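Residue numbers (this note's numbering): -5 to 194.
Data block below; observations after.
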Amino acid sequence: MFRKVLLVLFFTLHSNTAALSVTPSPPRWPSVWMATGSAHYLFNNQTVSTQIFYDWTRPAQVMNMMREDSYTYTIMHNGTTVWRLERANRTCCIDPQQTGVTPPRPDWLQIGNDTTYDGIITVMEHSCHSWTKDVPDVATFSWLTSVATGVPCRLGWLNAMHADFSYYSENPDLLPKGIFDVPDYCPHEITDPNCSIMHF
């Protein structure tokens, strides 16, 4: 009898350990999502307020950011063109280094073999699964989701910043009207070869 109890206990512990060691599959992005939070720039140790809007049906992605001195700017990725905007003074240019590809596909973590699971990382006191995708000679991107709920916690973008989410939604009805519209003062061809979304 005692031997049977030991065997049952052994198999139970072994099964639990095996279950815990299973690497979770990288998630697919929804076609539409938006998030608000704070972003930490890795290259200058600066923190900014951030909003991110994503709609693959266009495809488009907009990132609005505000520094602590209230300076605001927008990175707009619409189709295969990437603009740097300062809406307050109606200035806009196309970044020639980033233009040429679409925003990330919803399955960007799942395609290819460059995605690695980093384990569980704490983001704003939440335990989050972390996946990193390396694009050779370009950048490293990461995506973190809550262990408890699956809700996204963080987007790591271009080796440049970590955007931690305090609000997240997949409801397309909550997208601000016209958020992906390119302003009429923006060029549709490269006019400034030095334009960069990194220069703020």
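The beta-carbon is built from N, C-alpha and C at its ideal position, and this holds for glycine as well.
The structure presented is a predicted model; accordingly, all values stated were derived computationally and were not measured.
Rounded to whole angstroms, the gap between the alpha carbons of G106 and P166 is 29 Å.
Bounds of any beta strand (DSSP E) do not take in N165, whose DSSP letter is neither H nor E. A direct Cα-Cα distance of roughly 42 Å separates S19 from D178.
Of the other Cβ atoms in all chains shown, fewer than 16 fall within 10 Å of the Cβ of F37; this residue is therefore exposed.
Spanning the alpha carbons of I173 and R52 requires a straight line of approximately 12 Å. Shown here, R78 sits in a strand according to DSSP, grouped into three states. In the DSSP assignment, L149 falls within the beta strand (DSSP E) that extends over P146 to W151. DSSP, read as helix, strand or coil, puts N83 in helix. Of the residues V76, E119, D112 and S32, the one whose Cα lies closest to the Cα of I184 is V76.
The straight-line gap separating the alpha-carbon atoms of P170 and S190 is approximately 25 Å. Cβ neighbours of T110 within its own chain (closer than 6 Å, five residues either side excluded): T126.
Within the same chain, and ignoring the five residues on either side of Q91 in sequence, the residues whose Cβ sits closer than 8 Å to its Cβ are S190.
The three-state reading of DSSP puts L169 in coil, since its state is none of H, G, I, E or B.
Contact between V95 and S121 fails: their C-beta atoms lie close to 33 Å from each other, not under 8 Å.
Put simply, the backbone Cα of F135 is about 26 Å away from that of Y65.
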